[in-house]
Amino acid sequence: MSVAKKQYKRITVKSLGEMKANNEKISMLTSYDFTMAQIVDQAGIDVILVGDSASNVMAGHETTLPITLDQMIYHASGVIRGVKRALVVVDLPFGSYQSDPKEALRSSIRIMKESGAHAVKMEGGREIKDSIKRILKAGIPVMGHLGLTPQSIYKFGTYTVRAKEEYEAEKLKEDALMLERIGCFAIVLEKVPAKLAAEVAQSVQVPVIGIGAGNGVDGQVLVVHDMLGMNKEFSPRFLRRYTDLNSIMTEAFQKYNDDVKSKAFPSDQEQY
Ligand code: KIV
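Position one of the sequence shown corresponds to residue 0 (numbering that gives the first Met the number 0), numbered consecutively onward.
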């Protein structure tokens, strides 16, 4: 049974603000291709993130750093073709916005023009303020991303919980207020203490969407391959696996292999 309060034919950045105001939680999942995005969209998920986690789950890289702008546009284009209702947000990949606001704007324009996406997401606070402002000035909606920012993994060295120290928590709170003030339509908070995340969500009017940030925020996001249980090795505390697709797929592949080897496939009915 659906628990949505208002039926949205199409989710926009404005709808997300309304959802927060109406105390309706926002659902967000990643997708990187047409078929997955179509299923996610048809299931009624509000926001689809074409995350740079594609670098990990689609390409097998250890970090999100190697994925390129061209590759993100390729993934996003497929996703857009599969989506009728959800808002599609695309990560600006590492190296496509950090050097200066002009480069950030150029990269965002390419994403919007070449993929048809609805918004971009960027990791960081005050360090990238001018770039965010430049993109917003061009009419492109921006989702912020604070807390654990995987594009800076080599600066921190680990993927552990962020902002546990008072000074980090203060910076995060200030950055969230700044992102709201300059015009970001939403903020992702990754892997921070639940109490801090709830405080941030209460301090801003824009939706705060958490991953490993507890239940006091305005919505949740997970990487689709993780919540489907496709990867057995990745098991952070925040991850809930909604199925065990790894076992289901392995069983199907083994059955197919057996059928091919034993000549049970194709049957008489499966040929012309
Ligand atoms: O790239 C990604 O999938 C993300 C989510 C984890 C928020 O940024």
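For each residue, glycine too, the CB sits at the ideal point set by N, CA and C. Remember, predicted model here, so these are calculated numbers, not experimental data.
- request: Would you mind working out which of E179, E189, L221, K190 sits nearest Q201, comparing C-alpha positions?
  value: E179
task: Find the nearest neighbour of H117 within the set E164, R80, S246, N256, judged by alpha-carbon distance.
output: R80
query: Just to confirm, does T29 get its C-beta within under 6 Å of one of the non-hydrogen atoms of ligand 1?
result: yes
message: Measuring straight from C-alpha to C-alpha, what distance separates F93 and S30?
response: 18 Å
query: Do the CB positions of N245 and M229 come within less than 7 Å of each other?
result: yes
task: Enumerate, from N- to C-terminal direction, the unbroken beta strand (DSSP E) stretches of 3 or more residues contained entirely within the segment 183 to 258.
output: 185 to 189, 207 to 210, 218 to 221
field: A118: first and last residue of the uninterrupted beta strand (DSSP E) it sits in
entry: From DSSP, the beta strand (DSSP E) with A118 extends over 118 to 122.
message: Check whether the segment 144 to 159 and the segment 185 to 195 touch, using three or more Cβ-Cβ pairs below 8 Å as the test.
response: Counting Cβ pairs under 8 Å, three or more are found: they touch.
query: Given that a residue counts as buried once 16 or more other Cβ atoms are within 10 Å of its Cβ, and exposed if not, what is G138?
result: exposed
task: Please name the residue in V216, V49, I210, V220 whose C-alpha comes closest to that of E198.
output: V216
- prompt: Between the segment 158 to 165 and the segment 126 to 138, are three or more C-beta pairs nearer than 8 Å?
  reply: no
- prompt: So S54 packs on I72, CB below 8 Å; how close in whole Å?
  reply: Actually they do not touch by this definition, with Cβ atoms about 14 Å apart.
message: In the DSSP assignment, the beta strand (DSSP E) including S26 goes from what residue to what residue?
response: 25 to 29
- prompt: Closest to K154 by CA distance: which of T62, E17, K254, K262 is it?
  reply: It is T62 whose Cα lies nearest to the Cα of K154.
- request: Would you identify the three-state DSSP class for I10, choosing helix, strand or coil?
  value: coil
- prompt: By how many angstroms is the C-alpha of S98 removed from the C-alpha of E17?
  reply: 34 Å
- prompt: Taking Cβ positions, are M177 and V88 nearer each other than 7 Å?
  reply: The criterion of a C-beta distance shorter than 7 Å is not satisfied by M177 and V88.
Beta bridge counterpart(s) of D90 as assigned by DSSP: K120
message: Shorter than 6 Å, the distance from the beta carbon of V220 to the closest heavy atom of ligand 1, or not?
response: yes
Residue from A212, D90, D45 whose Cα sits closest to the Cα of K120: Ranking A212, D90, D45 by Cα distance to K120 puts D90 first.
- prompt: Hey, which unbroken runs of the beta strand (DSSP E) at 3 residues or more fall wholly within the segment 40 to 114?
  reply: 46 to 49, 86 to 90
query: Measuring CA to CA, which of G77, G211, D51 is closest to D40?
result: G77
query: Hey, how far is the Cα of V223 from the Cα of T242?
result: 11 Å
- request: Measure the C-alpha to C-alpha separation of V220 and I47 and round it to an integer number of angstroms.
  value: 9 Å
Where G143 sits in the DSSP three-state scheme: strand
message: Please state the DSSP three-state secondary structure of A36.
response: helix
Residue from G124, A212, V56 whose Cα sits closest to the Cα of R236: A212
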